[in-house]
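In terms of the working numbering, the sequence shown is numbered consecutively and its last residue is 482. Cβ coordinates follow ideal geometry from the N, Cα and C atoms, glycine included.
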Amino acid sequence: DPLIENKVSKDRKKGRISMPKISPSGEYIAWVVNDMGQYRITLYDVKTKKTKKIIKKEYKLDQITDYSFPLIAWHPSGKILSYIIERKGKILLNLYNLETKKTEVIQMFNFEKILDFSYSDDGLKLVMSAYNKGYSDIYIHNLAAHTNKQITNDFADDLNPRFINNSEDIIFSSNRNKSQINSKLGVDIELNTSHDIFIYNVKSNNKELTRLTKTPYIDETNPFSIKENIYSFLSNQNGII
242 DPLIENKVSK DRKKGRISMP KISPSGEYIA WVVNDMGQYR ITLYDVKTKK
292 TKKIIKKEYK LDQITDYSFP LIAWHPSGKI LSYIIERKGK ILLNLYNLET
342 KKTEVIQMFN FEKILDFSYS DDGLKLVMSA YNKGYSDIYI HNLAAHTNKQ
392 ITNDFADDLN PRFINNSEDI IFSSNRNKSQ INSKLGVDIE LNTSHDIFIY
442 NVKSNNKELT RLTKTPYIDE TNPFSIKENI YSFLSNQNGI I
């Protein structure tokens with residue numbers, strides 16, 4: 242769509258673009274623009290060809306810019322655009338309702354940083370990759386009870402989690418060497434220099450993971466389920482991502 246290309250081109254001149262997310266119905270596209278720490282979230286209406294600024298915060302800083310936030314994700318209903326920001330040492334989950342134009346703010350406790358998040362199929366839970374005590378692990382957050390269930394708890398970097406198979410499984414990227422999550426924090430485990438793709442079964446709570454890839458020195462990240470038993474992911478196998 243030339244109009245989308247024009248909007249993105251204008252935003253690209255204003256800063257770095259990241260986190261492009263299409264709503265479940267395909268009606269909207271959201272993305273983040275970050276200009277030296279001053280960030281905003283743009284919402285594009287595919288039908289009307291118009292854009293709307295959801296949030297604009299912070300100031301330009303003459304220092305290394307943290308491009309890891311805001312994080313954005315769509316509620317499966319397509320009516321709520323969720324985004325996570327960091328402010329004054331707090332991690333805040335914001336739920337922007339496209340119909341009411343109102344935003345509900347929820348503080349996320351017990352995390353140093355959230356790296357990525359997405360919804361379950363029913364919209365009642367989030368699966369997150371988050372830092373706690375200096376290590377990145379996978380967590381399931383219950384939105385109604387505001388409770389967290391820790392899935393992994395070791396020295397491995399566990400990234401880009403997504404619910405798949407009607408939210409019965411979680412697919413994620415990790416630099417763990419073994420297909421298990423029975424190691425506890427403080428216990429040495431073998432780590433790879435690169436990341437592979439694994440699946441964790443939520444329903445059975447089985448500590449044995451399903452390994453989809455085993456490619457030393459090749460990074461595989463951002464996995465998604467296209468349909469049953471067919472997955473996509475990013476790879477730097479040929480030297481570029």
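Query raised in the report: Out of Q478, N463, S266 and N433, which has the shortest C-alpha to C-alpha gap to L525?
Result: Outside the shown range of the chain, which is 242 to 482, sits residue 525, and nothing can be said about it.
Query raised in the report: Which whole-angstrom value is the C-beta distance of D362 and S408, which I expect to be below 8 Å?
Result: The residue labelled residue 362 in the question sits at position 121 within the sequence shown. The residue labelled residue 408 in the question sits at position 167 within the sequence shown. Yes, D362 and S408 are in contact; Cβ-Cβ is about 5 Å, under 8 Å.
**Report entry** Among K354, K455 and Q421, nearest to H436 - alpha-carbon criterion
**Finding:** In the sequence shown, counting from the first residue as 1, residue 436 sits at position 195. H436 has its Cα closest to that of K455, out of K354, K455 and Q421.
**Report entry** Distance CB(V287)-CB(I270) smaller than 8 Å
**Finding:** Here residue 287 refers to the residue found at position 46 of the sequence shown. Here residue 270 refers to the residue found at position 29 of the sequence shown. Yes, the pair counts as a contact, with Cβ atoms nearer than the cut-off.
Query raised in the report: Using the C-alpha atoms, what's the distance from S359 back to D367?
Result: Taking the first residue of the sequence shown as position 1, residue 367 is located at position 126. Taking the first residue of the sequence shown as position 1, residue 359 is located at position 118. A small correction: the amino acid at residue 367 is Leu; Asp does not occupy that position in the sequence shown. The straight-line gap from Cα to Cα measures roughly 5 Å.
**Report entry** Reference N394; option with closest CA among T388, N373, R403 and I321
**Finding:** As a working note, residue 394 is residue 153 in the sequence shown. Among T388, N373, R403 and I321, the Cα nearest to that of N394 is on N373.
Query raised in the report: In whole angstroms, what separates the C-alpha of S473 from that of S264?
Result: Position 232 of the sequence shown, counted from the first residue, corresponds to residue 473. Position 23 of the sequence shown, counted from the first residue, corresponds to residue 264. Their backbone Cα atoms lie some 19 Å apart in a straight line.
Query raised in the report: Once you ignore the five residues that flank N351 on each side, which residues in its own chain have a CB closer than 7 Å to its CB?
Result: The residue labelled residue 351 in the question sits at position 110 within the sequence shown. Hits under 7 Å: N373 and N389.
Query raised in the report: What's the call for T341, buried or exposed, on a 16-neighbour Cβ count within 10 Å?
Result: Position 100 of the sequence shown holds residue 341. Exposed: under 16 other Cβ atoms inside 10 Å.
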